[in-house]
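Enquirer: In the working numbering, the protein residues as written are 930 to 1340.
Virtual Cβ for every residue (Gly too), placed ideally from N, Cα, C.
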Amino acid sequence: MISNKLLEKYAKLIVVVGANVQKGQMVSVNVSTDNNILARAVVKQAYLAGASKVTVNWTDDYCSKEGFMYRSIESLSTVPSYTVDKYQEFVDNNGCAISISSPVPDLNKDIDPSKLQAANIASRKALSFYSDHMMASRSQWTVVAAPNAVWAKKVFPNFNEEEAVDALWKAILEASRVTEENDPIEEWNKHNAAMLAHNEILNDYEFDTLHFKNSLGTDISVKLVDNHIWAGGGELDPRKVLFNPNIPTEENFTMPHKYGVNGKVVATKPLNYQGKLIEDFWMEFKDGKVVNYDAAKNKDVLTNLVNFDAGSSYLGEIALISYNSPISNSGILFFNTLFDENASCHMALGRAYVINVVDGPDKSLEELAKMGYNHSMAHSDFMFGSKDLSVIGITKAGKEVVVFKDGNFVI
Ligand code: ZN
Ligand code: ZN
């Protein structure tokens, strides 16, 4: 069991550094029934920070699974108006969202993928105004994690259930810079400053293209959009409230040009999509589009992702993380993108972040599209960093700059 002291520290970090809840603001907490103790601690901290009202949206992957099992595709394709209204009220009031991620791995392994796809598409469509709002950072949001027994046993298969949960708590808190002794808020102020410094160096180069290569077969060039912005660490909402969309986070990321990706990328970690693990996969891109791919396991789920919509076969994000980073050094494979993506350079298939281009949040979709922005209802990160990855940045003047050598930042 996590101690009360650590629980309180973590909850306060989530509320103050993650979401940065403001006085009088409405807050919604998305959390699984497995994490009710943490939920209560977060709700308390949100009120202490001055929240006007905190709404808890309880989820339960097991109940959802029964729905996938027994509901028809037609039924799964409908989103009730009260759900849409709830999100609309949140957007209209600039509410702040806290999501505590605790996925149950492999839970949906026997579910017909077309059912998962139908439900996913319906909800993304009905709530696209909400994802537009959040991805443009119009109000604060944060995603953090907490263990559940099944996830913990997947990460630590040799431990009994209780030991595994304790070990996963320890790993999550360490990755999130929360210890018995430290002041996590102080640690995060320092961490955010360091991330910002890296963004500035990368922004100053204004690279035209990044070229990635390693011995596994990755050999891919990724053109960046003009006027791209490297982001990572804290972000500002329009009211200049600083928040951290992810705890933990180690990534500096920016916007690839939709039609400027060519070559092959080999994944170095499995990708959890629609409750299934896609393993040992690679993809080949031509003029930005995935033209060929394969996976040793769950290729059909990768097909679902690539064919999700018109934008899900193009990239929306490229992120740099040193191989020598705290989460990577822990050597733990979390089977959860929130952690694993921070252990490795990654790309995302699907929607780009408008914050990754100058004045992006104020531009229309047409203006953004002209610049090479990729629009999609999907956004799925996959990892390809390795200890021998090299990254060469090519400036607009054609000068080559070594950005990564042997897996690590050298600028
Ligand atoms: Zn990322
Ligand atoms: Zn991403």
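When every heavy atom of ligand 2 is checked, does at least one fall within less than 8 Å of the C-beta of F1058?
Expert: Mapped onto the sequence shown, residue 1058 falls at position 129. Every heavy atom of ligand 2 is 8 Å or more from the Cβ of F1058, so no.
Enquirer: Determine, using beta carbons only, whether A970 and A940 come nearer to each other than 9 Å.
Expert: Reading the sequence shown from its first residue, position 41 is the one you call residue 970. Reading the sequence shown from its first residue, position 11 is the one you call residue 940. Yes. Within cutoff.
Enquirer: Helix, strand or coil: how does DSSP classify W1159 here?
Expert: The residue you call residue 1159 lines up with position 230 of the sequence shown. It is coil, neither helix nor strand.
Enquirer: Consult DSSP for M1212 and reduce its assignment to one of helix, strand or coil.
Expert: Stepping through the sequence shown from its first residue, residue 1212 is reached at position 283. Note: M1212 maps to strand in three-state DSSP.
Enquirer: Taking 8 Å as the cut-off, is the CB of E1164 close to at least one heavy atom of ligand 1?
Expert: Translated into the one-based positions of the sequence shown, residue 1164 becomes position 235. Result no, Cβ not under 8 Å from ligand 1.
Enquirer: Go to A1074, then tell me how far its alpha helix (DSSP H) extends in each direction, as first and last residue.
Expert: Walking along the sequence shown from the start, residue 1074 turns up at place 145. Careful: A1074 lies outside any alpha helix (DSSP H), inside the beta strand (DSSP E) at W1070 to A1074.
Enquirer: List, from N- to C-terminal side, the alpha helix (DSSP H) runs of 4 residues or more that fit wholly inside the stretch 1066-1127.
Expert: Listed in chain order, the complete alpha helix (DSSP H) runs (minimum 4 residues) inside the stretch 1066-1127 are 1078-1084 and 1090-1104.
Enquirer: Quick one: does the C-beta of H1275 sit closer than 8 Å to a heavy atom of ligand 2?
Expert: Translated into the one-based positions of the sequence shown, residue 1275 becomes position 346. Yes - ligand 2 has a heavy atom lying nearer than 8 Å to the Cβ of H1275.
Enquirer: Near N1233, what residues of its chain come up, given a Cβ to Cβ distance below 6 Å and the 5 sequence neighbours on each side ignored?
Expert: Indexing the sequence shown from 1 puts residue 1233 at position 304. Within the same chain, N1233 has close Cβ partners P1042 and Q1046.
Enquirer: Hey, out of G1189, Y1282 and V1330, whose CA is closest to H1062's CA?
Expert: Translated into positions along the sequence shown, residue 1062 becomes position 133. Closest by alpha carbon: Y1282.
Enquirer: Between S1031 and A1096, what straight-line distance do the alpha-carbon atoms span, to the nearest angstrom?
Expert: As a first step, residue 1031 must be located in the sequence shown, where it is residue number 102. As a first step, residue 1096 must be located in the sequence shown, where it is residue number 167. Those two C-alpha atoms are separated by around 15 Å.
Enquirer: By the DSSP assignment, the alpha helix (DSSP H) with Y939 in it spans what residues?
Expert: Position 10 of the sequence shown holds residue 939. Start and end: N933 to L942.
Enquirer: Report back the beta-carbon spacing between E1180 and G1161 to the nearest angstrom; my notes put them in contact at under 8 Å.
Expert: To locate residue 1180, count along the sequence shown from 1; it is residue 251. To locate residue 1161, count along the sequence shown from 1; it is residue 232. About 5 Å separates the two Cβ atoms, so the contact holds.
Enquirer: What residue from K1215, L1056 and D1229 has the CA that sits closest to G1204's CA?
Expert: Numbered from its first residue, the sequence shown carries residue 1204 at position 275. Measuring from the Cα of G1204, the nearest candidate turns out to be D1229.
Enquirer: In whole angstroms, give me the CA-to-CA distance for R1168 and A1026.
Expert: As a working mapping, residue 1168 is identified with position 239 in the sequence shown. As a working mapping, residue 1026 is identified with position 97 in the sequence shown. Distance between the alpha carbons of R1168 and A1026: 16 Å.
Enquirer: Short of 7 Å in beta carbon distance, which residues of its chain neighbour L1294, apart from the five on each side in sequence? Order them along the chain.
Expert: Mapped onto the sequence shown, residue 1294 falls at position 365. Hits under 7 Å: H1304.
Enquirer: May I ask you to list the residues that DSSP assigns as paired with N1175?
Expert: Residue numbering aside, residue 1175 sits at position 246 when the sequence shown is read from its first letter. Answer is V1072, bridged to N1175.
Enquirer: When you compare the stretch 1206-1224 with the stretch 957-976, are there three or more beta-carbon pairs, one atom per stretch, that lie closer than 8 Å?
Expert: no
Enquirer: Would you give the residue range spanned by the alpha helix (DSSP H) that N994 belongs to?
Expert: Residue numbering aside, residue 994 sits at position 65 when the sequence shown is read from its first letter. The identity of residue 994 in the sequence shown is Lys, whereas the question assumes Asn. Element bounds for K994: D990 to Y999.
Enquirer: Answer with buried or exposed for D1269, where buried requires no fewer than 16 other C-beta atoms within 10 angstroms of its C-beta.
Expert: Here residue 1269 refers to the residue found at position 340 of the sequence shown. The residue in question, D1269, is buried, as its Cβ has 16 or more Cβ neighbours within 10 Å.
Enquirer: Is the distance from the Cβ of G1314 to the Cβ of A1272 below 9 Å?
Expert: Residue 1314 sits at position 385 when you count from the first residue of the sequence shown. Residue 1272 sits at position 343 when you count from the first residue of the sequence shown. Taking 9 Å as the Cβ cut-off, G1314 and A1272 qualify as a contacting pair.
Enquirer: With H, G and I counted as helix, E and B as strand and the rest as coil, what does DSSP make of A978?
Expert: Within the sequence shown, the letter at position 49 stands for residue 978. Correct three-state label for A978: coil.
Enquirer: List the residues that DSSP assigns as beta-bridge partners of C1025.
Expert: Residue mapping note: residue 1025 aligns to position 96 of the sequence shown, counting from 1. DSSP, once it has assigned bridges, lists V956 as partnering C1025.
Enquirer: List the DSSP bridge partners of T1373.
Expert: Shown here, the chain extends from 930 to 1340; a query on residue 1373 therefore has no answer.
Enquirer: Starting from H1062 and walking both ways along the alpha helix (DSSP H), at which residues does that stretch end?
Expert: On the sequence shown, residue 1062 is found 133 positions in, with the first residue counted as 1. It spans S1057 to M1064 - the alpha helix (DSSP H) in which H1062 sits, taken as one unbroken run.
Enquirer: Any heavy atom of ligand 2 inside 8 Å of the beta-carbon of E1179?
Expert: Looking up residue 1179 in the sequence shown gives position 250. No, the Cβ of E1179 stays beyond 8 Å of every heavy atom of ligand 2.
Enquirer: Sorted by chain position, which residues of the same chain lie with C-beta nearer than 8 Å to L1005's C-beta, five sequence neighbours on each side aside?
Expert: In the sequence shown, residue 1005 corresponds to position 76, counting from 1. Cβ within range, chain order: G996, F997, K1044, A1047, A1048 and A1051.
Enquirer: In whole angstroms, what separates the C-alpha of S1144 from that of V1330?
Expert: Against the sequence shown, residue 1144 aligns to sequence position 215. Against the sequence shown, residue 1330 aligns to sequence position 401. Each residue's Cα considered, the two are about 20 Å apart.
Enquirer: Report whether the distance from the Cβ of F1237 to the nearest heavy atom of ligand 2 is below 8 Å.
Expert: Position 308 of the sequence shown, counted from the first residue, corresponds to residue 1237. F1237: no, Cβ never under 8 Å from ligand 2.
Enquirer: Can you list, in chain order, the residues of its chain whose CB lies under 7 Å from that of K952, leaving out five sequence neighbours each side?
Expert: Walking along the sequence shown from the start, residue 952 turns up at place 23. The residues are G979.
Enquirer: Report the rounded CA-to-CA distance for M1124 versus R1000, giving the unit in angstroms.
Expert: What you label residue 1124 is simply residue 195 of the sequence shown in a count that begins at 1. What you label residue 1000 is simply residue 71 of the sequence shown in a count that begins at 1. Near 45 Å, if we compare the C-alpha coordinates of R1000 and M1124.
Enquirer: Which residues in the same chain as K1082 place their Cβ atom closer than 7 Å to its Cβ, once the five residues preceding and following it in sequence are excluded?
Expert: Reading the sequence shown from its first residue, position 153 is the one you call residue 1082. Excluding sequence neighbours, K1082 sits near E1090 and A1093.
Enquirer: Taking C-beta to C-beta, are N986 and S957 nearer than 9 Å?
Expert: By 1-based counting over the sequence shown, the position of residue 986 is 57. By 1-based counting over the sequence shown, the position of residue 957 is 28. Cβ atoms of N986 and S957: closer than 9 Å.
Enquirer: By DSSP's criteria, K1152 is part of a beta bridge. Which residues make up the other side?
Expert: Numbered from its first residue, the sequence shown carries residue 1152 at position 223. In the DSSP output, where bridge partners are listed per residue, K1152 has T1138.
Enquirer: Have a look at S1309, A1239, N1285 and L1165 and flag the residue whose alpha-carbon is nearest the alpha-carbon of L1231.
Expert: Taking the first residue of the sequence shown as 1, we reach residue 1231 at position 302. It is S1309 whose Cα lies nearest to the Cα of L1231.
Enquirer: Do the CB positions of A1075 and D990 come within less than 9 Å of each other?
Expert: Locating residue 1075 in the sequence shown gives position 146, counting from the first residue. Locating residue 990 in the sequence shown gives position 61, counting from the first residue. No, the Cβ-Cβ distance between A1075 and D990 is not below 9 Å.
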